[in-house]
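A.B. asks:
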Amino acid sequence: MRTSAPLVAAALALLVFAGCRQGMYDQARYEPYEDSDFFADGRASRLLVEGTVPRGWLRADPVLYTGIGADGGFAAELPVALTRELVERGRQRFEIFCSPCHGRTGDGLGMIVQRGFKQPASFHEARLRAMPYGYFFDVVTNGFGQMSSYASMVPVADRWAIAAYVRVLQTSRYIAVDELPAEDRRRLEAAR
Amino acid sequence: MAQIFHRSTNTVAKVTLFGAVFFVAVAGWVAATLDRSAYSTRQGVVREQPVPFSHDHHVVALGIDCRYCHTAVETEAFAGIPPTTTCINCHKLIWNESDMLAPVRASLAEDTPIRWTRVHDLPDFVYFDHSIHVAKGVGCATCHGRVDQMPLVYQAASLQMEWCLECHRHPERYVGPREQVFNMAWKAPDQATLGPALVAEYHVDPRTDCSTCHR
Numbered sequence: 000m001r002t003s004a005p006l007v008a009a010a011l012a013l014l015v016f017a018g019c020r021q022g023m024y025d026q027a028r029y030e031p032y033e034d035s036d037f038f039a040d041g042r043a044s045r046l047l048v049e050g051t052v053p054r055g056w057l058r059a060d061p062v063l064y065t066g067i068g069a070d071g072g073f074a075a076e077l078p079v080a081l082t083r084e085l086v087e088r089g090r091q092r093f094e095i096f097c098s099p100c101h102g103r104t105g106d107g108l109g110m111i112v113q114r115g116f117k118q119p120a121s122f123h124e125a126r127l128r129a130m131p132y133g134y135f136f137d138v139v140t141n142g143f144g145q146m147s148s149y150a151s152m153v154p155v156a157d158r159w160a161i162a163a164y165v166r167v168l169q170t171s172r173y174i175a176v177d178e179l180p181a182e183d184r185r186r187l188e189a190a191r
Numbered sequence: 000m001a002q003i004f005h006r007s008t009n010t011v012a013k014v015t016l017f018g019a020v021f022f023v024a025v026a027g028w029v030a031a032t033l034d035r036s037a038y039s040t041r042q043g044v045v046r047e048q049p050v051p052f053s054h055d056h057h058v059v060a061l062g063i064d065c066r067y068c069h070t071a072v073e074t075e076a077f078a079g080i081p082p083t084t085t086c087i088n089c090h091k092l093i094w095n096e097s098d099m100l101a102p103v104r105a106s107l108a109e110d111t112p113i114r115w116t117r118v119h120d121l122p123d124f125v126y127f128d129h130s131i132h133v134a135k136g137v138g139c140a141t142c143h144g145r146v147d148q149m150p151l152v153y154q155a156a157s158l159q160m161e162w163c164l165e166c167h168r169h170p171e172r173y174v175g176p177r178e179q180v181f182n183m184a185w186k187a188p189d190q191a192t193l194g195p196a197l198v199a200e201y202h203v204d205p206r207t208d209c210s211t212c213h214r
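So the protein sequences, as listed, match chains H and V.
Going by numbering that gives the first Met the number 0, the first sequence opens with residue 0, and the numbers climb by one from there.
Going by numbering that gives the first Met the number 0, the second sequence opens with residue 0, and the numbers climb by one from there.
Below, the structure is given as structure tokens:
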């Protein structure tokens, strides 16, 4: 049967093409989070040995990394410069990580709360308006009540940005008239 | 004297000549089609997962941002699969007795990761970095499709080299504003004018040398 020769060749070629991929596709190295039969716990991505300080992770400035001042109380001042950029970053991060529960305005009526999560306090109540920046940094870092710690999800710089933005939200609803910028004050008096 | 060749040899000869061209061409076409098919690329094929996580529910119904879970997408090569604790942030109080979420609670209690099945798995000989694509205005949906509308995740694109090169050769057809990268529904009102402007503004210069991705 000579006619079948091209067919056989084609079939063989297909087999060859089909067979030549997997070795290079899955090489003998790990991808992030791949499982491993080498380590007892099955994880290729190893956890840090306790007490390890990665480069750039030295927490030498206690106020910056804990939100606690030298007097043992929450830091009253931001340890980073308060700029428009910081506040814009804070808004973005707040809307990603905080707004699901706290709501975009900080009233504590986010979508997850509407679906049954415990309602957090509104940022606009007097107790929280009186809290210093360091308090909000501390809550993001360590959690509070039913809120988990967000330390692994939100880096330190972003936590301060969020703290700054929380103050912006608070100010948006509560500010003494004589603290308003002249322009806003004029508009307010005009609207009276 | 009897004929050396049987009469049918004429046919055989013709078929063989024809076959040299035709059968090889067909074999090539079959191979190329198979290679581009979902059978090979797994494009559009839902992969079974230990927990039937719905992006549709979490993104569209609840409005959770991509980055709440995929925290590394802006800074790292790998976008990040959330640890179990991220699920527990909400599911400690919501659906905390659901059978569907039993593997999540078991993972937390036993401190063992959930074994998700990887959906987008590039070959190991390809280098890929999420952060640079995000920084240059390539939206999530450009490559991943409308994940926000997927009850179960599948790979929307073929992830074949010709697909990568289409954008690396013509970035102006795909690049969008940075602030819309995570907006899954964003569509350029006029990509023909916006695209080239953004490519210039963001200095988008995707290389097409072999060693750009195969390093």
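Glycine included, C-beta positions come from ideal geometry on N, C-alpha and C.
Report the residues of the region 89–101 of chain V with a CB closer than 9 Å to any CB of chain C, ordered along the chain.
C.D. replies: Judged by its chain identifiers, the structure shown contains no chain C, and its protein chains are H and V.
A.B. asks: Report the option in GLY72/H, LEU127/H and PHE96/H whose CA atom is closest to the CA atom of THR70/V.
C.D. replies: Out of GLY72/H, LEU127/H and PHE96/H, PHE96/H has the C-alpha closest to the C-alpha of THR70/V.
A.B. asks: Taking Cβ positions only, does ARG114/V come closer than 9 Å to chain H?
C.D. replies: yes
A.B. asks: Would you say PRO227/H lies against chain V (beta-carbon separation less than 9 Å)?
C.D. replies: Absent from the structure is residue 227/H, since the part of chain H shown begins at 0 and ends at 191.
A.B. asks: Would you identify the three-state DSSP class for MET146/H, choosing helix, strand or coil?
C.D. replies: strand
A.B. asks: Leaving aside the five residues before and after VAL62/H along the sequence, list all residues of the same chain whose C-beta is less than 7 Å from its C-beta, in chain order.
C.D. replies: Around VAL62/H: GLY68, ALA74 and PRO78.
A.B. asks: Does DSSP put ARG172/H in a helix, a strand or coil?
C.D. replies: Three-state result, ARG172/H: helix.
A.B. asks: Can you tell me whether LEU16/V is buried or exposed, with buried defined as 16 or more other CB within 10 angstroms of its CB?
C.D. replies: exposed
A.B. asks: Sorted by chain position, which residues of the same chain lie with C-beta nearer than 8 Å to VAL213/V's C-beta, five sequence neighbours on each side aside?
C.D. replies: According to the sequence displayed, residue 213/V carries His and not Val. Excluding residues within five positions, the ones whose Cβ falls inside 8 Å are PHE124, VAL125 and TYR126.
A.B. asks: Taking C-alpha atoms, which residue in ALA39/H, ILE174/H, THR51/H and ARG166/H lies nearest to PHE136/H?
C.D. replies: ARG166/H
A.B. asks: Which residues of the region 137–160 of chain H have a Cβ closer than 7 Å to any Cβ of chain V? Give them in chain order.
C.D. replies: Within the region 137–160 of chain H, the qualifying residues are GLN145, SER147 and MET152.
A.B. asks: Note the first and the last residue of the continuous alpha helix (DSSP H) segment covering PHE21/V.
C.D. replies: Per DSSP, PHE21/V belongs to the alpha helix (DSSP H) from 8–35.
A.B. asks: Touching or not, the region 127–135 of chain V and the region 42–49 of chain V, by the rule of three or more beta carbon pairs under 8 Å?
C.D. replies: The region 127–135 of chain V is not in contact with the region 42–49 of chain V.
A.B. asks: Should GLN26/H go down as buried or exposed, given a rule of 16 or more other Cβ atoms within 10 Å for buried?
C.D. replies: exposed
A.B. asks: Per DSSP, which one or two residues make a beta bridge with ASP34/H?
C.D. replies: ARG42/H
A.B. asks: For TYR201/V, which residues from the same chain have a beta carbon less than 6 Å from its beta carbon, with the 5 sequence-adjacent residues on both sides left out?
C.D. replies: LYS135 and GLY136
A.B. asks: Does the beta carbon of ASP227/V come closer than 9 Å to any beta carbon on chain H?
C.D. replies: This structure does not reach residue 227/V, given that chain V is present from 0 up to 214, and the question cannot be answered.
A.B. asks: Using 10 angstroms around the beta-carbon of TRP159/H, count the other beta-carbons present and answer buried if the total reaches 16, otherwise exposed.
C.D. replies: buried
A.B. asks: Report the three-state DSSP secondary structure of ILE67/H (helix, strand or coil).
C.D. replies: strand
A.B. asks: Assign PHE181/V to one of three DSSP states: helix, strand, or coil.
C.D. replies: Residue state for PHE181/V is assigned as coil, using DSSP reduced to three classes.
A.B. asks: For ASP40/H, would you say it is in contact with chain V, using Cβ-to-Cβ distances shorter than 9 Å as the test?
C.D. replies: yes
A.B. asks: Mind listing the chain H neighbours of TYR153/V? Cutoff is C-beta to C-beta under 7 Å, in chain order.
C.D. replies: Under the 7 Å cutoff, chain H gives no residues; its nearest Cβ is about 19 Å from TYR153/V.
A.B. asks: Measure the alpha-carbon distance for MET0/H versus VAL20/V and round it to whole angstroms.
C.D. replies: Below a pLDDT of 50, predicted positions are generally treated as unreliable, and MET0/H, at 48, falls in that range; no measurement from the model is reported.
A.B. asks: Name, please, each residue of chain V whose Cβ falls closer than 9 Å to the Cβ of ASP34/H.
C.D. replies: PRO112 and ARG114
A.B. asks: Determine whether the beta carbon atoms of VAL50/V and ASP147/V lie at a separation below 9 Å.
C.D. replies: no
A.B. asks: Could you tell me the distance, in whole angstroms, from the CA atom of GLY107/H to the CA atom of ALA150/H?
C.D. replies: Going from the Cα of GLY107/H to the Cα of ALA150/H covers about 20 Å.
A.B. asks: Tell me whether MET0/H sits in a helix, a strand or coil according to DSSP, three-state version.
C.D. replies: Only weak support is given to the placement of MET0/H: the predicted model assigns it a pLDDT of 48, under 50, and the value that follows is read from those uncertain coordinates. Three-state DSSP puts MET0/H in coil, outside helix and strand.
A.B. asks: Along the chain, where does the alpha helix (DSSP H) containing ILE63/V start, and where does it finish?
C.D. replies: Here ILE63/V belongs to no alpha helix (DSSP H), and DSSP marks it neither H nor E.
A.B. asks: Counting only beta-carbon atoms, is ILE3/V nearer than 9 Å to chain H?
C.D. replies: no
A.B. asks: On the three-state DSSP scale, how would you describe GLN26/H?
C.D. replies: coil
A.B. asks: Write down the C-beta distance between VAL153/H and ILE161/H rounded to the nearest angstrom, noting that I regard them as a contact closer than 8 Å.
C.D. replies: The C-beta distance from VAL153/H to ILE161/H rounds to 7 Å, short enough to fall under 8 Å.
A.B. asks: Using a beta-carbon distance below 9 Å, is GLY62/V in contact with chain H?
C.D. replies: yes
A.B. asks: Would you check if the distance between the CB atom of HIS129/V and the CB atom of GLU73/V is smaller than 9 Å?
C.D. replies: yes
A.B. asks: What first and last residue would you give for the alpha helix (DSSP H) that runs through TYR132/H?
C.D. replies: 132–141
A.B. asks: Alpha carbon to alpha carbon, how far is ASP189/V from LEU164/V?
C.D. replies: 22 Å
A.B. asks: From ALA215/V to PHE181/V, what distance separates their C-alpha atoms?
C.D. replies: Given that chain V is displayed from residue 0 to residue 214, the structure contains no residue 215/V and the question cannot be resolved.
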